[in-house]
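Visitor: When you line the sequence shown up against numbering that gives the first Met the number 0, it's residues 0 to 217, in that order.
Quick reminder that beta carbons are idealized off the backbone N, C-alpha and C, glycines included.
In this text, all values refer to a predicted model and were calculated from it rather than measured experimentally.
I have a structure I would like to understand better, so I am pasting it below and will then ask my questions one at a time.
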Amino acid sequence: MALRKTLVGIFGLIFTIVAFICLLVSFATPNWIESFTDRSREFVKMGLWEACFNDWTYYKDYLGKRYHGCWWIFSFEYRPVWSYLNPPWLLAIQVLLTIVFMMQMITILFVVFYFLHVCPVAKEKNYVYATTGMNFVSGLVIAICTIIFGVKAEVDRQWLPHPDSNFLSWSFGFAVLSGFFSLFGGMCLLVESLRLSVESQRNRREAVYGMKQYGGRY
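Here is the structure:
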């Protein structure tokens with residue numbers, strides 16, 4: 000049997016782990032979009048799950064409640080402005096990236112099982128095919144989500160105060176990197192799965208040929 004831990008397979012594992020780490024950083028940090036620090040700003044920064052303001056009041060709030068500091072988007076503090084902070088397109092991004100986050104964890108488990116020889120030899124090809132598919136799906140979904148976020152942050156003038164003073168920040172960049180690394184990992188694991196498929200077919204042919212030779216002696 001050929002060597003299982005090929006270089007391209009190892010790169011597939013590395014890219015998959017790096018993609019997960021990048022998405023984890025993007026998930027955990029509130030810096031998807033920020034406001035320039037050299038300007039007077041009510042909006043400070045925002046991530047997928049947290050928003051930060053500096054003495055901001057919502058123009059539709061007749062009570063004039065002021066928001067200061069960083070809070071979880073779904074917290075009671077932001078309940079009066081939740082629909083403003085979390086429009087349907089952002090909610091869709093949150094749901095999709097949460098699914099991708101869980102998918103990437105499963106992908107890493109499958110790849111690690113393959114490299115540690117935990118999965119049955121007869122099913123290792125299925126494990127690699129599954130990780131290939133999940134990597135490509137993750138990369139595609141992340142690409143769609145980051146494009147939507149980038150476009151909406153630019154064109155949705157009703158979302159967040161002073162849109163001309165805001166810019167996409169490093170947490171968003173980590174999400175983009177996660178998409179690229181997912182696709183790179185998928186390509187490497189696709190090559191690995193094709194190698195396993197060719198190896199499996201060759202082993203079957205050799206087994207059949209050996210049986211014919213053994214049977215021909217009688």
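For a test of the three-state rule: what should DSSP assign to residue 72, helix, strand or coil?
Guide: Here residue 72 sits in coil by DSSP.
Visitor: Using C-beta distances below 8 Å, list every residue in its chain close to residue 15, excluding the 5 sequence neighbours before and after it, in chain order.
Guide: Correct list, in chain order: 103, 106, 107, 110, 130, 134, 180, 181, 184 and 188.
Visitor: Less than 9 Å between the beta carbons of residue 73 and residue 55, yes or no?
Guide: No, the Cβ-Cβ distance between residue 73 and residue 55 is not below 9 Å.
Visitor: Please name the residue, chosen from 6, 7 and 26, that lies closest to residue 169 on a Cα-to-Cα basis.
Guide: Cα-wise, what sits closest to residue 169 is 26.
Visitor: Using CA coordinates, which residue listed in 83, 75, 69 and 50 is at the minimum distance from residue 225?
Guide: What the structure shows of the chain is the stretch from 0 to 217, and residue 225 is not part of that stretch, so it cannot be assessed.
Visitor: Please name the residue in 22, 167 and 144 whose C-alpha comes closest to that of residue 90.
Guide: Minimum Cα distance to residue 90 is reached at 144.
Visitor: Nearest by alpha-carbon distance to residue 69: which of 77, 63 and 50 is it?
Guide: When each option's Cα is compared against that of residue 69, the closest is 50.
Visitor: Using CA coordinates, which residue listed in 128, 173 and 161 is at the minimum distance from residue 141?
Guide: Checking every option, the nearest Cα to that of residue 141 belongs to 173.
Visitor: Output the distance between the C-alpha atoms of residue 98 and residue 79, rounded to the nearest integer angstrom.
Guide: In a straight line, the C-alpha of residue 98 is about 27 Å away from that of residue 79.
Visitor: Does the Cβ of residue 79 lie closer than 8 Å to at least one heavy atom of the ligand ADP?
Guide: In terms of ligand content, the structure shown is empty, and the ligand ADP therefore cannot be addressed.
Visitor: Under a three-way DSSP split, which group does residue 56 fall into?
Guide: The answer is strand: DSSP assigns residue 56 an E or B state.
Visitor: Could you have a look at residue 51 and say whether DSSP puts it in helix, strand or coil?
Guide: Of the three classes helix, strand and coil, the one that applies to residue 51 here is strand, per DSSP.
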